[in-house]
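Following: one structure in structure tokens, then a few remarks.
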Amino acid sequence: MDKSKKGYFFEDYHLGQVIDHAVPRTLTDGDKAIYQSLYPVRYPIYSSEEFAKNCGLVGSPLDNLIVFNTIFGKSVPDISLNAIANLGYAECRFFKPVYPGQSLSARSEIIGLKENSNGESGIVWVRTFGINELEEIILTFVRWVIVRKSLIGGIKGKTFIPKLAKSIDSTDLIIPDSLNYKNYDYTQSGEKFGLFDYKVGERIDHVDRVTISESEHMMATRLWQNTAKVHFDITARTDGRRLVYGGHIISMGRALSFNGLANAQIILGINSGVHSNPCFASDTIEAWSEILELTELNNKQFGALRLRLVVQKAEATSFSLFDVCGGYDQNVLLDMDYWALVPI
Amino acid sequence: MDKSKKGYFFEDYHLGQVIDHAVPRTLTDGDKAIYQSLYPVRYPIYSSEEFAKNCGLVGSPLDNLIVFNTIFGKSVPDISLNAIANLGYAECRFFKPVYPGQSLSARSEIIGLKENSNGESGIVWVRTFGINELEEIILTFVRWVIVRKSLIGGIKGKTFIPKLAKSIDSTDLIIPDSLNYKNYDYTQSGEKFGLFDYKVGERIDHVDRVTISESEHMMATRLWQNTAKVHFDITARTDGRRLVYGGHIISMGRALSFNGLANAQIILGINSGVHSNPCFASDTIEAWSEILELTELNNKQFGALRLRLVVQKAEATSFSLFDVCGGYDQNVLLDMDYWALVPI
Amino acid sequence: MDKSKKGYFFEDYHLGQVIDHAVPRTLTDGDKAIYQSLYPVRYPIYSSEEFAKNCGLVGSPLDNLIVFNTIFGKSVPDISLNAIANLGYAECRFFKPVYPGQSLSARSEIIGLKENSNGESGIVWVRTFGINELEEIILTFVRWVIVRKSLIGGIKGKTFIPKLAKSIDSTDLIIPDSLNYKNYDYTQSGEKFGLFDYKVGERIDHVDRVTISESEHMMATRLWQNTAKVHFDITARTDGRRLVYGGHIISMGRALSFNGLANAQIILGINSGVHSNPCFASDTIEAWSEILELTELNNKQFGALRLRLVVQKAEATSFSLFDVCGGYDQNVLLDMDYWALVPI
């Protein structure tokens, strides 16, 4: 009997299937500190107990992307170990902050399936939930991936393509309980900009660049207990290179975007995300943002910015996105659309 | 007067000598998190407070190999700073779990000495103890190393070669106090296999591979406060390469072996270990295990698997071990024999 | 409107100007552990809760250089983002230990300005304060940097060059409250040397070497939230190399200097520091110290060593410092002058 797991193939999934992913994980101050050492993050709510308490929280929570990557990582062995590509994200919402000492586990439901015409693979849509030790849902997101079939040709199943929102409606965004920006300290956050200092269509060049290094992306990816071979093993791809995990690019881009969006500290939801090109160690990357939408959320305290975050290579021209054929520019690595909370 | 230590030489040791090693160390959640970022570890007892509590423990302890490496590291300045080679381990037993916040120190006793016929070096056998802040022994192991003589030729001491058990008797294995697998959650651990799902002689290919990187092995080795020059300094070896610390290979191999041995979470003892070939950054490694022995430990709850863990380079053939001459295959890096606790 | 910060230029500063730096930071056991993994630190007060308590402290504090680097990092976006060079440090004093869980912020005052004769840049002297969450000053230091002018030529401001002490008077050194070396454990610290075992002029070769790696210096620099581009971005310098942050060299040199100065655990002040040559990944470095001064501090328990710490490349001759022209030898990276507390 073969004890080690080789991952699931397209035929192993069925609509409505629920998978409880293995290995719960307690996140701690240690994870927070490593995240600080791997990404140039500076949002003070996640950096300082006092700043967070001054905003009404019980302490400094874990960055949204620590939570997202942890839950994503748990789903990898059951969803994307044999994935050919991670096609996209949608409908990611954060329900509650997660604090050091809390334990997370993940559950997924198969919500869509479509065999590819080549008969070699299919697309699997999956809604994944992050759950804390109190059995509260703290996060949900949808992703879809191309998964290999175990038997080329084989029986063709039913096709179901789920309807996904292009963007989360701002009325569905959840402000963390007890959060309060009345005494928000703009000196400590480093910038004075609130909701109405931004305008739709405005683009922000985040200036700083980072040259990606091999150990760092592997350490991040391991921290999320993500086991996908291509990130660790130079024999797993024909080009002999380790592919940088997409979540590393999201975290790096988001951290770089502090410069100009310092008060957009809390991510409320991710509307979509595309890893448009692969990234490898020694690539130098930079980020820019565009304000897609802005809205007041409640009682004059909170607003939400809908932001496009683009991560591109240093060799790209400023504010790159699409090429002349309408596809992504070859130097664009990430195009993400998300909601962030800002003070008004 | 020369203030800095140059390490001990063969002549500096005598039988029965006891050495209290310097620099006690408090291990924390920070060390746990770094271990997670350096190795693809997923054993849930070490990953989740809730899983550990559900198994009757007061919380999630530190991985056995964090404890082993910490104690090993403390012994390096006094035992192996001038070692030519680390020949082997034996009789390693874990007495108690170690929890974040506990402080460890190390003590060694010289239990064997034998000068080599070339007159340039000798073998030193040493039994090392790990001790917590309550003065409880939490670990012991024997290792033996070839140590340079300070004076080539010189006086030849008495020879004493200690008798070491080839394998720890299963009745001498210590199950952590209060551990209870009655409510063991096989969904959370990720595999359904208990003691009797394995059979003696069975071999498990753990599938995943890791390409070793320079920063990671140095960070691990520093975490254990191991000061052996060859791991950090490219001028310390004639080939200009940094030798990867053997404990890094043990930890990496053990983490990889999760896939197929997810329920073998707790190491009870290490019977022997041989670093058969050196490892350097850019080597890609993989692991396989063989079931050497299996035994019930008590009241129908716990069993122990005696496992051979082999770490080999990716270019080796599957399940490599020995070459035609009976020596280790040149691509085999580690051959370790250990006891792990499993549910029945 | 341009949202992202490009940093200040020489003209943006005026004498007496006070800048509250952004992003308070709570330091934790996680930061401590990462520091352990990046530097071969072994001072037991910072390594062990029990050792620290045995010395009268409430627990094991954060290494002085974690505190120094954290405060330095906070000042970078406002002081040295456009700096051409960091010329030196002076008058650095540590007022109180910082413990895991405490939050630090930084404030700077401009205490000197001098435009360079080329009209392209000027020197800015700044006194920076580290402040804990109780609004207590825990650290102060002066540094001076060459900063670009935004307008070459332009208006020439007043010149004021502050008077800085060549060395902090030993009577101004502050011993941490409640510290007590009566039960100091020389076995645990690893060396038996107290104040009077050293003599002025004595030089100590710290023996060990480290080859610098790219990921490690970037991780350290990010941990301090230091955003200076040259450390992360290979496009930021014309030579395509990432410059190693000077604080990384200070921390590495200080950690190496444990060997021979194990009881000089606590830094009381830094008199001066010069980064005499740049360091890049793949450089192998080593350290030596010279005893510049020694003094009793109080009641027969504490002494202070005034130490020169020199970090040099492995290719330098032993105890390198100056070349024949009186400038720093090209292989000398750091010349630091500091006070360390030692038992008598």
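Protein chains in written order, with the numbering used here: chain D, 1 to 344; chain Z, 1 to 344; chain P, 1 to 344. Even glycine gets a Cβ: it sits at the ideal position worked out from N, Cα and C.
Check                                                                                                                                     : Outcome
Whether residue 114(P) touches residue 159(P) by CB criterion (7 Å)                                                                       : yes
Contact the segment 95–110 of chain D vs the segment 164–171 of chain D: 3+ CB pairs below 8 Å                                            : no
Reduced DSSP secondary structure (H/G/I, E/B, other) of residue 347(P)                                                                    : With chain P covering only 1 through 344, there is no way to say anything about residue 347(P).
Local conformation of residue 284(D) per DSSP, three classes                                                                              : strand
Helix, strand or coil at residue 289(D) according to DSSP, with G and I counted as helix                                                  : strand
For residue 144(D): DSSP bridge partner residues                                                                                          : 88(D), 125(D)
Contact with chain P by residue 74(Z), beta-carbon distance below 7 Å                                                                     : no
C-alpha distance - residue 50(Z) paired with residue 205(Z), whole-angstrom precision                                                     : 30 Å
Outcome for residue 81(Z) when other beta-carbon atoms lying within 10 angstroms are tallied against a minimum of 16                      : buried
Range covered by the beta strand (DSSP E) that runs through residue 207(P)                                                                : 203–211
Nearest neighbour of residue 309(Z), chosen from 218(Z), 32(Z), 276(Z) [CA to CA]                                                         : 276(Z)
Neighbour list for residue 316(D) in chain P, Cβ cutoff strictly below 8 Å                                                                : Here the premise fails: no neighbours, minimum Cβ distance about 12 Å.
Residue 28(Z) versus 33(P), 146(P), 91(P), 43(P), residue with shortest Cα-Cα distance                                                    : 33(P)
Cβ pair count under 8 Å reaching 3, the segment 191–198 of chain D against the segment 249–263 of chain D                                 : yes
Residue 92(Z) burial status per 10 Å Cβ neighbour count (16 or more: buried)                                                              : buried
Buried versus exposed call for residue 169(Z) [16 or more other C-beta atoms within 10 Å across all chains shown]                         : exposed
Length of the line joining the Cα atoms of residue 22(D) and residue 263(Z)                                                               : 12 Å
Cβ-based burial, residue 16(D) [other Cβ within 10 Å; buried from 16]                                                                     : exposed
At least three beta-carbon pairs within less than 8 Å, the segment 237–254 of chain P to the segment 56–76 of chain P                     : yes
Residue closest to residue 148(Z), alpha-carbon to alpha-carbon, out of 299(Z), 117(Z), 134(Z), 210(Z)                                    : 117(Z)
Check whether residue 65(D) and residue 289(D) have beta carbons under 7 Å apart                                                          : no
Residue 326(Z) versus residue 287(D): straight-line alpha-carbon distance, rounded                                                        : 57 Å
Same chain only: Cβ atoms within 6 Å of residue 209(P), ignoring 5 sequence neighbours per side                                           : 284, 286, 314
Nearest-angstrom Cβ-Cβ length linking residue 329(P) and residue 319(P), presumed shorter than 8 Å                                        : With a Cβ gap of about 10 Å, residue 329(P) and residue 319(P) do not count as contacting.
DSSP-derived helix/strand/coil call for residue 319(P)                                                                                    : coil
Contacts around residue 136(P), its chain only, beta-carbon distance under 8 Å, and the 5 residues preceding and following it disregarded : 95, 96
Any C-beta of chain P under 7 Å from that of residue 78(D)                                                                                : no
Among 129(D), 124(D), 83(D), the one whose alpha carbon lies nearest that of residue 24(D)                                                : 129(D)
Three-state class that DSSP yields for residue 234(D) in the structure shown                                                              : coil
Residue 204(P): contacting residues in chain Z (beta-carbon distance under 9 Å)                                                           : 2, 3, 4
Enclosing beta strand (DSSP E) for residue 191(Z) [first to last residue]                                                                 : Where residue 191(Z) is concerned, there is no enclosing beta strand (DSSP E), given that its DSSP letter is neither H nor E.
Among 231(D), 226(D), 201(D), 224(D), nearest to residue 213(D) - alpha-carbon criterion                                                  : 231(D)
Segment limits, beta strand (DSSP E) that includes residue 271(D)                                                                         : 266–275
CB contact check: residue 235(D) to chain Z, cutoff 7 Å                                                                                   : yes
Residues bridged to residue 107(Z) (per DSSP)                                                                                             : 20(Z), 129(Z)
Where residue 44(D) meets chain P, residues with beta-carbon distance less than 8 Å                                                       : 22, 23, 24
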